[in-house]
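J.: Dropping the structure in here first, questions after.
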């Protein structure tokens, strides 16, 4: 059985915690990168300046027969050293300096090594070329870069640990506050339900007595409005209590297989009296076999009842409500369509927001709680409608995998109706006279 989904409050707390983790990690990582980049640039710049000073000094003043370390000097009377790099001196630079008298300094790569080469005219008129091997400076930079990368990796690990610790410590008060708020709403709703119910019942009795005793119309209208207001107050308290129970989480762990077809027919039967009073027609169209879903029967009944109650409330006298059940793509689908006032298509998503103001002016939680229940069961609910052309709500719930016992029971139940119903696949009526109740693939 699929485990319960996280409540909305748990998701809020979790998102806040991870936001702190990522923010802390990003800040610390950025600081490490900035510090490392500054250190690398400062080191590289210092090395470049030092090398240039050594090369310029060597080209201008060093003894040609005894050049400084990592440097080779080429000029009149300079001996050819055995460890001199191949490809030097650069004859083109020598000719250029002889013709212009201006020094030439540039980097040259030979093999796997980079050299800084400076060619200039000395005070005595000799043209000298100094070649400096940069391999050690470049190696130092590579070691520094490796150390910075290692420090970044260690910093990322430390950042993750620090972020988690800070996240848990910073979000703990928020989680506690949300838990206290949920407990307060549940306790207050539970404690207020009984007196509100008693007041509602008492107001109904007074309204009936007023009608029986022939009290003035103003008194009767006032009592009727009082009954209506208390009834709506009771509905709001029920919604608040249901919301608190839904957010608590553990109540949704005890799940079992529920026949959505039977549940919808039962919900429609419970509204028969209200439907009769409003002069409506309600039709339930479902398959002759169960549509099993995993869930909490009471919660699903509340969801279906809310869809039906919403349709009844917004359908004028003489209207029609159709509840159609089907199976599609591994899901049980319930469509509730009415011929009521409808709504603009741009308002469809707003209907599922908490305390959305409906056409009757009431702020409610019904459809918002409906979506929470359906989402908790792994399903979806959508709305569609047009002003003056009714509304259509579509509820989808994943079908429960058929067990052997359930499959046999469903097969025997359908055989008892003189029908052969496959447990999977699309169903359609079989053609032919005398077989109106049979189905085929």
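Residue numbers (the working numbering): 14 to 454. Positions of the beta carbon are idealized from the N, C-alpha and C atoms, including for glycine.
1) Mapping DSSP to helix, strand and coil, what is residue 174?
2) If you reduce the DSSP assignment to three classes, tell me which class residue 419 lands in.
3) Is residue 92 buried or exposed, if buried means 16 or more other CB atoms sit within 10 Å of its CB?
4) Please look up how many angstroms separate the CB atoms of residue 169 and residue 140, rounded, as I've assumed it's under 8 Å.
5) Along the chain, where does the alpha helix (DSSP H) containing residue 275 start, and where does it finish?
6) Can you give me the start and stop residues for the alpha helix (DSSP H) that residue 413 sits inside?
7) Suppose the cutoff is 7 Å on Cβ atoms and the five residues either side in sequence are ignored; what does the same chain contact list for residue 116 look like?
8) Taking the alpha-carbon positions, what's the residue 33 to residue 157 distance?
9) Helix or strand or just coil, what does DSSP make of residue 28?
10) Quick check: what's the CA-CA separation for residue 327 versus residue 40?
11) Is the beta carbon of residue 271 sitting closer than 8 Å to the one on residue 306?
12) Tell me where the beta strand (DSSP E) around residue 104 begins and ends.
13) Would residue 236 pass as a contact of residue 212 if the rule is Cβ separation under 8 Å?
14) Below 8 Å, can you find three or more Cβ-Cβ pairs linking the stretch 340-357 to the stretch 278-286?
15) Decide if the stretch 50-59 is in contact with the stretch 69-82; the criterion is three or more beta carbon pairs, one per stretch, under 8 Å apart.
16) Whole angstroms is fine: what's the gap from residue 37's alpha carbon to residue 408's?
17) Where does the unbroken beta strand (DSSP E) through residue 308 begin, and where does it stop?
18) Is DSSP giving residue 247 helix, strand or coil here?
19) Tell me, which residues are paired with residue 311 by DSSP?
20) Indicate the three-state DSSP secondary structure (helix, strand or coil) for residue 365 in the structure shown.
21) According to the neighbour-count rule (16 or more other Cβ atoms, all chains shown, within 10 Å of its Cβ), is residue 137 buried or exposed?
22) Let's test the definition: count the other Cβ atoms within 10 Å of the Cβ of residue 128 and tell me whether it reaches 16, buried, or not, exposed.
23) Between 385, 172 and 112, which lies nearest to residue 393 when the distance is taken from Cα to Cα?
24) Along the chain, which unbroken stretches of the beta strand (DSSP E) at least 3 residues long are found entirely within the stretch 90-170?
25) Taking Cβ to Cβ, would you say residue 388 is nearer than 8 Å to residue 333?
26) With which residues is residue 398 paired in a DSSP beta bridge?
27) With distances taken between CB atoms, is the gap from residue 273 to residue 344 smaller than 8 Å?
28) Once DSSP output is grouped into helix, strand and coil, what is the label at residue 389?
29) Bridge partners for residue 350 per DSSP, in chain order?
30) Does any residue of chain D bring its CB to less than 8 Å from the CB of residue 270?
31) Check residue 293 in the structure and name its three-state DSSP category.
32) Thinking just about the alpha-carbon of each residue, which of 30, 404 and 336 is nearest to the one in residue 177?
33) Buried or exposed for residue 147, going by 16 or more other Cβ atoms inside 10 Å?
34) Report whether the distance from the Cβ of residue 339 to the nearest heavy atom of the ligand PLP is below 7 Å.
35) With DSSP as the reference, identify every bridge partner of residue 344, one or two as the case may be.
36) Between residue 45 and residue 164, which are expected to be in contact by the criterion C-beta below 8 Å, what is the C-beta distance as a whole number of angstroms?
T.: Quick look at the numbers:
1) helix
2) Caution applies to residue 419, whose pLDDT of 48 falls short of 50 and renders its modelled position unreliable; the value that the coordinates give is listed next. Residue 419: helix per DSSP, three-state reduction.
3) exposed
4) That belief does not hold up - the Cβ atoms of residue 169 and residue 140 are roughly 54 Å apart, past 8 Å.
5) 273-283
6) Taken as a continuous stretch (DSSP letters only), residue 413 belongs to no alpha helix (DSSP H), as it is neither H nor E.
7) 110, 131, 132 and 133
8) 31 Å
9) helix
10) 53 Å
11) yes
12) First-last for residue 104: 104-113, but that is the alpha helix (DSSP H), not the beta strand (DSSP E).
13) no
14) no
15) no
16) 41 Å
17) 305-308
18) helix
19) DSSP output for residue 311 lists no bridge partner at all.
20) helix
21) exposed
22) buried
23) 385
24) 117-123, 126-134 and 140-146
25) no
26) 404
27) no
28) helix
29) 335 and 405
30) No chain D appears in this structure, which consists of one protein chain only.
31) coil
32) 30
33) buried
34) Absent from the structure shown: the ligand PLP. Ligands present: none.
35) 341 and 411
36) 7 Å
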